[in-house]
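Protein sequence lines, in the order shown, are assigned to chains S and R. Residue numbers for the first sequence follow our numbering, so the first one is 1 and each next one is one higher. Residue numbers for the second sequence follow our numbering, so the first one is 1 and each next one is one higher. C-beta: ideal position from N, C-alpha, C; glycine also.
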Amino acid sequence: MDLLYKIFLDPFVQMGSAPDLLLQTLWEGLVGGVLYALIALGFVLIFKASGVFNFAQGIMVVFAALTLVGLFALLTRVGVSNAHLAAFAALGLTVVVMLGLAIAVEKLVLRPLVNQPDIILFMATFGLTYVLIGLGELIFGGEPKVMITNELFLPRGAWDLEIFGGFVTFQHIDIAAAIIASLMVAGLAVFFSKTRIGRALRAVADSHKAALSVGISLEQIWVIVWFASGLVALVTGIMWAARSDVSFALQIIALRALPVLILGGFTSIPGAIVGGLIIGVGEKLGEFYWGPLLGGGIESWLAYFIALVFLLFRPQGLFGEKIIERV
Amino acid sequence: MRAPSSPSEIAAGDVLLAAENISLSFGGVKALTGVSFDIRKGEIRAIIGPNGAGKTSMLNVINGFYQADHGTITFKGVRRGKMRPYEAAEFGIARTFQNVALFRGMSTLDNLMAGRTLKMRRSFFWHILRHGPALQEEVEHRRKVEEIIDFLEIPHIRRVPVGRLPYGLQKRVELGRALAMEPELLLLDEPMAGMNLEEKEDMCRYIIDVNNHFGTTIALIEHDMGVVMDLSDRVVVLDYGRKIADGAPNQVKQDQAVIDAYLGVAH
């Protein structure tokens, strides 16, 4: 009885008695969720257009962030004295580097492996992961670096708002992350639904053969999606590293996106966003209210557990396409 | 049997596409061996033959899905080497597929608009803004697509995701997407496969109308002999990857090699 009370009633009593704490937990969950959603978005973009599960998405986040910080250091060394100017020049150059990466991946990895089974392309992205790790360490070194938040005009500090008789803290950087992520998602949505290239992307996602027959170049589309997901990786890298620092340990967050993808569906952009938010909030609530029952630390596996339950009942995810075929 | 015609023998205006001595093999399997034929501007050309004769392979070579091992394709007087499918599309070759290949998640309208991808020239920044020239362009393409939708009598399914449509309508949407490209040469791979009589008659009517009204040259693969004899101006017959006959429908029908190929030869 006591255990049932602790599981089913006590947490809700706590939520009701201290709404400020609940709000704080929800907010932190949402912020974490936004970042999960961003990573999942990078996966979904590439999976939709080419059917490839890109294992390298996590290292692309690290690589983008490292390149940004590295180029900033280089630019200041060669005598760009204005820090803001150097930061934004480095940002622009990093975008160019991500475009170069997309072109290289298409030319060296995807094109030679066209028409191979999906598992081969998946393994190729494993290879790409280790190439990028090696390349990153070779060029920028392995030690953690500090993200250039001030130079990029990213805000610091926090607002403490008095709500429900307590204080709830909103970090400025978290608010900025939420706004930038929303803008980027809105931009991608418009790009996908309103433009000629967006229509071509959806066409490729549906049928390679038919897309080729109407004159869509697969090579060009692949470069575009890898570039788009490189940009998503760059934004994710900046936002994530602003809260900790830039290190290779960050690539592990790619694995954190897996439950998000299972929840939201591999082919759905809204799914990635909603899935990210559910996982983010679920983790924090679970850790805060139910964690003590199990001695804490459930944040690290709760998401996978939720994903497992989802796999049992809704394998295509919340928004994924259910595949029905005539037999 | 006609002698294979080469572009130099016939005025360039007459022949739209000439395939010369095309050979194609997959590993040890010879799909096509030394096939030559031409397609004249404005005609309906049928490619027939028993299963596995290499008909679809021939279409795949023409629109660049396969690269021939030997032989050349001359289109609009230009002899071309290796060609990718999207380049074939740029040259004005559209096609449909034996088992329908549509953008299943997209509406009929979007499927047809996708067919106009190559005709759109404004950069996507303008498209995002939906402003000025890009908006005008979108409206223009939309008008053209609506014409095709009316022509194929499918206005009621304009907004329906095509994955949900019955098979016969999917085939019609696929034809519509090919027409949206305003092709000079339209390749139809078994446009009537799996249709009932009524649907077949409709499809025949559309094919004849496309040929008459738009002046589109058509090459089609079909198994229904009645349809082939009614529709086509000239027929080329393949068997085991070789051309065994080429000529007017009536002439081909009486050709002994063709009869043997279809009925089998008693030994």
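Does the CB of R/F151 have a neighbour CB from chain S at under 9 angstroms?
By one-based count along the second sequence, residue 151 of chain R stands at place 151. With 9 angstroms as the cut-off, R/F151 does not count as an interface residue toward chain S.
I need the straight-line Cα distance from S/V281 to S/V232, nearest angstrom please.
Along the first sequence, read from residue 1 onward, the residue named residue 281 of chain S stands at position 281. Along the first sequence, read from residue 1 onward, the residue named residue 232 of chain S stands at position 232. Between the alpha carbons of S/V281 and S/V232 lies a gap of roughly 22 angstroms.
Specify, as a first and last residue, the run of the beta strand (DSSP E) that S/V168 falls within.
Translated into positions along the first sequence, residue 168 of chain S becomes position 168. 166-171 is the span of the beta strand (DSSP E), which, as asked, contains S/V168.
Alpha carbons only, please: which of S/L38, S/V105, S/A90, S/G297 is nearest the one belonging to S/L66?
Counting from 1 along the first sequence, the entry for residue 66 of chain S is found at position 66. For S/L66, the nearest C-alpha among the options comes from S/A90.
Could you tell me which chain S residues have their CB closer than 9 angstroms to the CB of R/L102, listed as they occur along the chain?
Stepping through the second sequence from its first residue, residue 102 of chain R is reached at position 102. Result: D206, S207, A210.
Length of the line joining the Cα atoms of S/E406 and S/L293
It is not possible to answer for residue 406 of chain S, since the shown part of chain S is limited to 1 through 327.
Mind checking R/T108: buried by the 16 CB within 10 Å criterion, or exposed?
Within the second sequence, residue 108 of chain R is the residue found at index 108, counting from 1. Result: buried.
Rounded separation between R/V139 and S/I216 - CA only
Counting from one through the second sequence, the residue named residue 139 of chain R turns up at place 139. Counting from one through the first sequence, the residue named residue 216 of chain S turns up at place 216. The straight-line gap from Cα to Cα measures roughly 21 angstroms.
Looking at the C-beta of S/S50, does it have a partner C-beta in chain R at a distance below 9 angstroms?
Position 50 of the first sequence, counting from 1, holds the residue named residue 50 of chain S. Not closer than 9 angstroms to any Cβ of chain R, the Cβ of S/S50 fails to qualify, so no.
Strictly by DSSP, which residues pair up with R/V15?
The count along the second sequence starts at 1 and reaches residue 15 of chain R at position 15. Looking at the DSSP assignment, R/V15 forms a beta bridge with R/R40.
Whose C-beta lies closer than 6 angstroms to the C-beta of S/A241 among residues of the same chain, with five residues either side of it excluded?
In the first sequence, counting from the first residue as 1, residue 241 of chain S sits at position 241. Result list for S/A241: A65, M147, in chain order.
Can you name the residues of chain S whose CB is closer than 9 angstroms to the CB of R/A322?
As shown, chain R starts at 1 and ends at 267. That puts residue 322 of chain R outside it, with no answer to give.
Contact set for S/A86: own chain, Cβ-Cβ below 8 angstroms, skip 5 residues either direction:
Residue numbering aside, residue 86 of chain S sits at position 86 when the first sequence is read from its first letter. Once the five neighbours on either side are set aside, the close Cβ partners of S/A86 are F72, L75, T76, V80, E151.
Suppose you measure from the CA of S/Y304 to the CA of S/L41; what does that come to, to the nearest Å?
Residue numbering aside, residue 304 of chain S sits at position 304 when the first sequence is read from its first letter. Residue numbering aside, residue 41 of chain S sits at position 41 when the first sequence is read from its first letter. If you take the alpha carbons of S/Y304 and S/L41, they lie about 18 angstroms apart.
DSSP on S/I298, reduced to helix/strand/coil?
If you number the first sequence from 1, residue 298 of chain S lands on position 298. When DSSP states are grouped into helix, strand and coil, S/I298 belongs to the coil group.
Looking at the strands, I want to know which residues DSSP matches up with R/R242.
In the second sequence, counting from the first residue as 1, residue 242 of chain R sits at position 242. R/R242 pairs with R/D239.
DSSP three-state assignment for S/F126, whether helix, strand or coil
Here the question's residue 126 of chain S lines up with position 126 in the first sequence. If DSSP states are grouped into helix, strand and coil, S/F126 belongs with the helices.
How many angstroms separate the CA atom of R/R172 from the CA atom of S/M15?
The sequence position of residue 172 of chain R within the second sequence is 172, counting from 1. The sequence position of residue 15 of chain S within the first sequence is 15, counting from 1. Counting only the Cα atoms, S/M15 lies some 58 angstroms from R/R172.
Partners in chain S for R/Y86, counting only beta-carbon separations shorter than 7 angstroms
The residue given as residue 86 of chain R occupies position 86 in the second sequence. Chain-ordered, the chain S residues with CB closer than 7 angstroms to the CB of R/Y86 read L212, G215, I216, S217.
Consider the Cβ of R/N63: report whether some Cβ of chain S lies at a distance smaller than 9 angstroms.
Within the second sequence, residue 63 of chain R is the residue found at index 63, counting from 1. Output row for R/N63: interface = yes.
Quick one: using the 10 Å Cβ neighbour count with 16 as the cut-off for buried, is R/P183 buried or exposed?
Numbered from its first residue, the second sequence carries residue 183 of chain R at position 183. With at least 16 other beta carbons inside 10 angstroms of its own, R/P183 counts as buried.
At least one CB of chain S closer than 9 angstroms to the CB of R/D14: is that the case?
For this step, residue 14 of chain R is matched to residue 14 along the second sequence. Closer than 9 angstroms: no.
Measure from the C-beta of S/A200 to each C-beta in chain R and report whether the shortest distance is under 9 angstroms.
Position 200 of the first sequence holds residue 200 of chain S. With 9 angstroms as the cut-off, S/A200 counts as an interface residue toward chain R.
Identity of the residue in S/S50, S/V223, S/F126, S/M1 nearest S/K209 by Cα:
Position 209 of the first sequence, counting from 1, holds the residue named residue 209 of chain S. For the residues S/S50, S/V223, S/F126, S/M1, the minimum Cα distance to S/K209 belongs to S/S50.
On the criterion of 16 or more Cβ atoms from any shown chain inside 10 Å, does S/M1 qualify as buried, or is it exposed?
Translated into positions along the first sequence, residue 1 of chain S becomes position 1. S/M1 should be labelled exposed.
In chain R, what lies closer than 7 angstroms to S/A272 by C-beta?
The count along the first sequence starts at 1 and reaches residue 272 of chain S at position 272. Those within 7 angstroms of S/A272 in chain R number zero; the least Cβ separation is about 17 angstroms.
With R/I186 as the anchor, note down where its alpha helix (DSSP H) starts and where it stops.
Your numbering for residue 186 of chain R matches position 186 in the second sequence. The question names Ile, but residue 186 of chain R in the sequence shown is Leu. Annotation for R/L186: no alpha helix (DSSP H) segment contains it, though the beta strand (DSSP E) segment containing it runs 185-189.
Can you list, in chain order, the residues of its chain whose CB lies under 7 angstroms from that of R/K30, leaving out five sequence neighbours each side?
Walking along the second sequence from the start, residue 30 of chain R turns up at place 30. Shown here for R/K30: same chain residues with a beta carbon closer than 7 angstroms to its own, the five before and five after excluded, namely G241 in chain order.
Min CB distance R/M58 to chain S below 9 angstroms:
What you label residue 58 of chain R is simply residue 58 of the second sequence in a count that begins at 1. Not one beta carbon of chain S lies nearer than 9 angstroms to the beta carbon of R/M58.
Please check if any C-beta of chain R sits within less than 9 angstroms of the C-beta of S/A18.
On the first sequence, residue 18 of chain S is found 18 positions in, with the first residue counted as 1. It does not: the Cβ of S/A18 has no partner Cβ on chain R nearer than 9 angstroms.
Outcome for S/F164 when other beta-carbon atoms lying within 10 angstroms are tallied against a minimum of 16:
Position 164 of the first sequence, counting from 1, holds the residue named residue 164 of chain S. Exposed, by the Cβ-count rule.
Let me know the secondary structure DSSP gives R/A85 once reduced to three states.
Here residue 85 of chain R corresponds to residue number 85 of the second sequence, with the count starting at 1. Here residue 85 of chain R turns out to be Pro, not Ala, going by the sequence shown. For R/P85, the three-state secondary structure derived from DSSP is helix.
When you compare only the Cα positions, how much space is there between R/E20 and R/V236?
For the purposes of this step, residue 20 of chain R is taken as residue 20 along the second sequence, with counting starting at 1. For the purposes of this step, residue 236 of chain R is taken as residue 236 along the second sequence, with counting starting at 1. Whole-angstrom Cα-Cα distance: 14 angstroms.
Counting only beta-carbon separations shorter than 9 angstroms, does S/R111 have a partner in chain R?
Position 111 of the first sequence, counted from the first residue, corresponds to residue 111 of chain S. For S/R111, the closest Cβ of chain R is not nearer than 9 angstroms.
Have a look at the DSSP bridge pairing and note the partners of R/V35.
Start at 1 with the first residue of the second sequence, and residue 35 of chain R comes out as number 35. Answer is R/I22.
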